[in-house]
Each structure stands twice: as C-alpha cells, then as structure tokens.
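Asks: Got a structure for you, questions after.
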Amino acid sequence: MSPQSHRRALIGTICTVVLCFAAWMVAAPAHAAPPGPSSSAAPSAPSTSGSNGGTAGPPATCTEGSDGLPVNCPGEVPTAKLPAAARNKAQTSPTVTAPATTVDTRTWTTGGGNTFPGAEAPFGMVQWSPDTVPNRNAGGGYNFGDTSITGYSLTHISGPGCGAGGDVPILPVTGALPSGNPNSVTTKFTNTGEIAQAGYYSAQTNQPDTITSEFTATPHSSMGRFTYPSTATAGLI
Numbered sequence: 003m004s005p006q007s008h009r010r011a012l013i014g015t016i017c018t019v020v021l022c023f024a025a026w027m028v029a030a031p032a033h034a035a036p037p038g039p040s041s042s043a044a045p046s047a048p049s050t051s052g053s054n055g056g057t058a059g060p061p062a063t064c065t066e067g068s069d070g071l072p073v074n075c076p077g078e079v080p081t082a083k084l085p086a087a088a089r090n091k092a093q094t095s096p097t098v099t100a101p102a103t104t105v106d107t108r109t110w111t112t113g114g115g116n117t118f119p120g121a122e123a124p125f126g127m128v129q130w131s132p133d134t135v136p137n138r139n140a141g142g143g144y145n146f147g148d149t150s151i152t153g154y155s156l157t158h159i160s161g162p163g164c165g166a167g168g169d170v171p172i173l174p175v176t177g178a179l180p181s182g183n184p185n186s187v188t189t190k191f192t193n194t195g196e197i198a199q200a201g202y203y204s205a206q207t208n209q210p211d212t213i214t215s216e217f218t219a220t221p222h223s224s225m226g227r228f229t230y231p232s233t234a235t236a237g238l239i
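Residue numbers (the numbering used here): 3 to 239.
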C-alpha cells in the first residue's frame, strides 16, 4: 500500500470511529429523572420511591421556548445560600503562588450554572462527583443546598445545556440493602463538612449513620475512599 493510500485508510478509520461515537451519543437513552427523597423511610436506612417525584421547586436549568430562546430560567440564588467562596468578593493578592487552593468547586452549581464539584484532573477522563436531589442540574448532577443523594457517579459535564453524564452511580449505605429499583434509592446528604477543592472532594451522607466519602483524580482514573461508622452492614449500591 502506498503512503497516500495508507493515509487515506487511516483517516477513514478515524472518521468512522468518530461518527459511530456521535451516533451512539445521539441514540443513547436519556437518564431517568432522579427521584425525590422519601419522607417515610427510617432515618438510618436508604429511602426509596416508586415514582420520579420529589420536592417541587424551580427548574434547575432553563428550557427552550418556541422561539428558540431560553425560558423558565431559575431565579437568582440568595447570597446566604451560596458557598462561602462565591460570597467572598475580596480581591486577592497578585502574588498568590498556588491559585488552585483558593478554588471552591461548588461555585456556580446553583441558579442554572450547572457545574459539578467533584474531583477531576485537567482534561481528565473521569469526573467522580455527587448527584443530588431534588434540584440537581442536568449535566453537573449537583445543586448546592440539596438534602439527598442518589450516588457518586463517574461522568459529568460542566456547563448548562447538556443532560449527558451521571454514569455508574455508586451510593454507600448501611443497613440491609433495599429491594426494588436501585435507581430510586436515596440517602441523606449535607453540605456541612463538605470539602470541594481543585482535585479533591469530600462529603458526608447517610445520616445519622454518617458515611464520609472522599475522591481525587489522575488524568486517566479516579480514586475514592468511603469511611463507614462501626457497623457489620456496610455496603455499596
């Protein structure tokens, strides 16, 4: 095969792979809307729901109107409900030598900002991050102030307008594993004690049997650590 023929064959193969991936993304079914937290479940057990209901509230992201322009956008979030870093408007010294240490990755996770707070290396392949309810965003999967979690999943997209992501959710639990559809299981979630820095994320869930989950990332992988209370029934869904 001549160099020109080899080059054309290689380009054709690359184009085929790209087109197949694009077709798969278009044809992939959308993720089901997350369930709302159950008010009847025991405090120490995961809650389940047979519907995709939940606490009613404003949409997490804008929708498209008949004229193609965004409508039904969420209102401005009260300042008191923003993460501390988002409320801090003080200017920093230009001599900061480690700017990543000043980042709070929960910034712009509310009001339709649709970013995610979890751990990711720059241009990394894995974005291990929490998916919360009832006001989760479509691509980011998280809304600061949410009170329940469906799991920590491995893929997320930062920015509004795309519902992809949220694949392979992992939910740490205690107690007997619930029956039924695992997609409907939630546990309690809190921003108290939450740490959201560049390359590192930690949160507490499953109260009152609190589980601490920690994540960090490399360009090609992520690592997680789950610290359970003293129990003989620690598990993952």
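Beta carbons are placed, not taken as given, at the ideal position from N, Cα and C, and that holds for glycine. Note that this is a predicted model, so its numbers are computed, not measured.
#1: Buried or exposed, going by whether 16 or more other CB atoms sit within 10 Å of the CB of residue 176?
#2: Can you give the Cα-Cα distance for residue 46 and residue 190, rounded to whole angstroms?
#3: Which residue comes first and which comes last in the beta strand (DSSP E) that contains residue 227?
#4: Considering just the uninterrupted stretch of the beta strand (DSSP E) at residue 234, what are its terminal residues?
#5: For residue 238, which residues from the same chain have a beta carbon less than 8 Å from its beta carbon, with the 5 sequence-adjacent residues on both sides left out?
#6: Mapping the DSSP letters down to three states, classify residue 193 as helix, strand or coil.
#7: Taking DSSP's pairing of strands, which residues face residue 153 in a bridge?
#8: I'd like to know if the segment 199–211 and the segment 103–114 are in contact, where contact means that at least 3 CB-CB pairs between them fall below 8 Å.
#9: Have a look at residue 127 and residue 142 and give me their C-alpha separation to the nearest angstrom.
Replies: Taking the geometry as given:
#1: Working through the sequence shown from its first residue, we reach residue 176 at position 174. The residue is buried, with at least 16 neighbouring Cβ atoms inside 10 Å.
#2: Locating residue 46 in the sequence shown gives position 44, where the first residue counts as 1. Locating residue 190 in the sequence shown gives position 188, where the first residue counts as 1. Here residue 46 scores only 48 on pLDDT, less than 50, and its place in the model should not be relied on; the value that follows carries that caveat. Roughly 9 Å between the two C-alpha positions.
#3: Against the sequence shown, residue 227 aligns to sequence position 225. Residue 227: member of the beta strand (DSSP E) spanning 224–229, first to last residue.
#4: Sequence index remark: in the sequence shown, residue 234 carries index 232 (1-based). Note, residue 234: premise wrong, no beta strand (DSSP E); not H, not E.
#5: Sequence index remark: in the sequence shown, residue 238 carries index 236 (1-based). Closer than 8 Å at Cβ, skipping near neighbours: 172, 173, 174, 175 and 228.
#6: Counting from 1 along the sequence shown, the entry for residue 193 is found at position 191. The answer is strand: DSSP assigns residue 193 an E or B state.
#7: Your numbering for residue 153 matches position 151 in the sequence shown. DSSP lists 133 as partners of residue 153.
#8: Counting Cβ pairs under 8 Å, three or more are found: they touch.
#9: Walking along the sequence shown from the start, residue 127 turns up at place 125. Walking along the sequence shown from the start, residue 142 turns up at place 140. Distance from the CA atom of residue 127 to the CA atom of residue 142, rounded to whole angstroms, is 15 Å.
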